[in-house]
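129 is the number that my numbering gives to position 129 of the first sequence; each next residue is one higher, with no gaps.
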Amino acid sequence: MKLATWNVNSLKVRMPHLLSWLGSSQVDIVCLQETKTTDDSFPVQELLDAGYRSHFTGQKTYNGVALLLREGHAGPASDLVFALPALEDPQKRLIAATVNGLRVVCGYFPNGQAVDSDKYVYKLQWLAALTQWLGAELAAHDKLALVGDFNIAPEDRDVYDPAAWAGQVLCSEPERAAFRGLLSLGLVDAFRLFEQPERSYTWWDYREMAFRRKMGLRIDHILLTPSLASSCAACDVAVDLRRLERPSDHAPVVATLSGA
DNA sequence: ATGGCATGACAATCATGA
Numbered sequence: 001m002k003l004a005t006w007n008v009n010s011l012k013v014r015m016p017h018l019l020s021w022l023g024s025s026q027v028d029i030v031c032l033q034e035t036k037t038t039d040d041s042f043p044v045q046e047l048l049d050a051g052y053r054s055h056f057t058g059q060k061t062y063n064g065v066a067l068l069l070r071e072g073h074a075g076p077a078s079d080l081v082f083a084l085p086a087l088e089d090p091q092k093r094l095i096a097a098t099v100n101g102l103r104v105v106c107g108y109f110p111n112g113q114a115v116d117s118d119k120y121v122y123k124l125q126w127l128a129a130l131t132q133w134l135g136a137e138l139a140a141h142d143k144l145a146l147v148g149d150f151n152i153a154p155e156d157r158d159v160y161d162p163a164a165w166a167g168q169v170l171c172s173e174p175e176r177a178a179f180r181g182l183l184s185l186g187l188v189d190a191f192r193l194f195e196q197p198e199r200s201y202t203w204w205d206y207r208e209m210a211f212r213r214k215m216g217l218r219i220d221h222i223l224l225t226p227s228l229a230s231s232c233a234a235c236d237v238a239v240d241l242r243r244l245e246r247p248s249d250h251a252p253v254v255a256t257l258s259g260a
């Protein structure tokens with residue numbers, strides 16, 4: 001079973017890439033972020049035609065998350081959650097469901113804009129609310145995956161120019177401490193279970209030919225509970241999607257879970 | 001030192017992203 005996360009940066013614009021990738025990659029559970037689409041205009045039928053059922057929560061212009069489940073491979077979703085319970089928040093950034101006994105939590109973590117902005121304060125509050133809620137989720141679910149666009153580069157090796165980014169948003173110590181806080185709940189960074197190429201990233205700025213120059217950050221993640229981590233056979237970045245015409249600025253991350 | 005590029009809302013620029 002393949003579990004994937006991808007910040008599409010507008011589902012409407014990225015539908016051709018998404019449909020093509022679904023067809024070629026055979027991913028079974030797909031977590032999307034930044035759909036930027038309201039629920040009434042979500043492309044339910046197009047995705048059904050491609051063999052995927054959808055669950056989603058979105059809003060106009062910003063944010064929006066979704067789960068796509070491959071018909072015949074991923075079972076029905078139960079215990080759906082569409083927001084962090086502890087947080088009064090109009091921004092649609094979280095969706096969770098149980099599929100095939102696997103608890104899947106898909107998040108579009110706040111960007112934070114800059115460490116001195118109120119958006120950064122909101123980001124840390126959101127992280128605290130997530131961490132608190134996840135503690136309870138983990139107590140109830142042995143097999144849990146926390147995936148999405150974390151908007152945090154956990155370590156310097158996840159940054160193309162650590163010196164330039166030191167202390168900046170996405171790399172600041174409080175954000176990294178929050179990331180470690182999630183790990184200390186009992187989660188493992190699936191990507192680091194395996195030998196990876198140098199300069200592996202998941203996001204590259206649209207400007208400055210950043211992708212071609214390998215100027216990226218690894219900010220999209222798949223975190224697994226130990227029982228899932230032990231069945232994880234691979235975890236890779238689908239870099240090819242960043243090479244396409246009119247790409248998302250993020251590439252998907254895909255984990256292969258055996259026996260699930 | 002700043003902005004570059006992309007997207008959406010809206011109808012010329014502007015907010016936001018990371």
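Idealized CB from N, CA, C, for every residue including glycine.
Separation of residue j from residue i, as counted between CA atoms
{"i": "residue 124", "j": "residue 78", "result": "29 Å"}
{"i": "residue 64", "j": "residue 146", "result": "17 Å"}
{"i": "residue 75", "j": "residue 256", "result": "17 Å"}
{"i": "residue 117", "j": "residue 49", "result": "43 Å"}
{"i": "residue 41", "j": "residue 163", "result": "43 Å"}
{"i": "residue 168", "j": "residue 212", "result": "23 Å"}
{"i": "residue 182", "j": "residue 110", "result": "16 Å"}
{"i": "residue 84", "j": "residue 131", "result": "10 Å"}
{"i": "residue 144", "j": "residue 2", "result": "14 Å"}
{"i": "residue 279", "j": "residue 6", "result": "Since the first residue shown for the chain is 1 and the last is 260, residue 279 is missing from the structure and cannot be characterised."}
{"i": "residue 242", "j": "residue 4", "result": "15 Å"}
{"i": "residue 54", "j": "residue 129", "result": "26 Å"}
{"i": "residue 248", "j": "residue 58", "result": "18 Å"}
{"i": "residue 224", "j": "residue 184", "result": "12 Å"}
{"i": "residue 210", "j": "residue 239", "result": "13 Å"}
{"i": "residue 47", "j": "residue 11", "result": "11 Å"}
{"i": "residue 216", "j": "residue 208", "result": "11 Å"}
{"i": "residue 106", "j": "residue 252", "result": "13 Å"}
{"i": "residue 39", "j": "residue 250", "result": "23 Å"}
Supposed contact pair residue j and residue i - C-beta distance, whole angstroms, cut 8 Å
{"i": "residue 214", "j": "residue 160", "result": "6 Å"}
{"i": "residue 219", "j": "residue 235", "result": "No, residue 219 and residue 235 are not in contact; Cβ-Cβ is about 15 Å, not under 8 Å."}
{"i": "residue 141", "j": "residue 103", "result": "4 Å"}
{"i": "residue 108", "j": "residue 158", "result": "Residue 108 to residue 158, Cβ: 18 Å. No contact."}
{"i": "residue 99", "j": "residue 69", "result": "6 Å"}
{"i": "residue 27", "j": "residue 254", "result": "6 Å"}
With 16 other Cβ atoms within 10 Å as the buried cut-off, status of residue i
{"i": "residue 93", "result": "buried"}
{"i": "residue 237", "result": "buried"}
{"i": "residue 259", "result": "exposed"}
{"i": "residue 23", "result": "exposed"}
{"i": "residue 14", "result": "buried"}
{"i": "residue 179", "result": "buried"}
{"i": "residue 43", "result": "buried"}
{"i": "residue 244", "result": "exposed"}
{"i": "residue 86", "result": "exposed"}
{"i": "residue 112", "result": "buried"}
{"i": "residue 80", "result": "exposed"}
Identity of the residue in the options nearest residue i by Cα
{"i": "residue 96", "options": "56, 41, 127", "result": "56"}
{"i": "residue 206", "options": "37, 42, 246", "result": "246"}
{"i": "residue 127", "options": "162, 157, 103, 170", "result": "170"}
{"i": "residue 90", "options": "26, 61, 113", "result": "61"}
{"i": "residue 88", "options": "113, 122, 196, 192", "result": "122"}
So, does the region 164-178 touch the region 28-43, judging by three or more C-beta pairs under 8 Å? Short answer: they don't touch.
Whether or not the region 133-152 and the region 18-25 are in contact is what I'm after, with contact meaning three or more pairs of Cβ atoms, one per stretch, closer than 8 Å; do they touch? no
Tell me, please, whether the region 148-168 touches the region 188-208 by the rule of three or more beta-carbon pairs shorter than 8 Å. yes
Closer than 8 Å is the cut-off here; do at least three beta carbon pairs connect the region 187-198 with the region 223-232? yes
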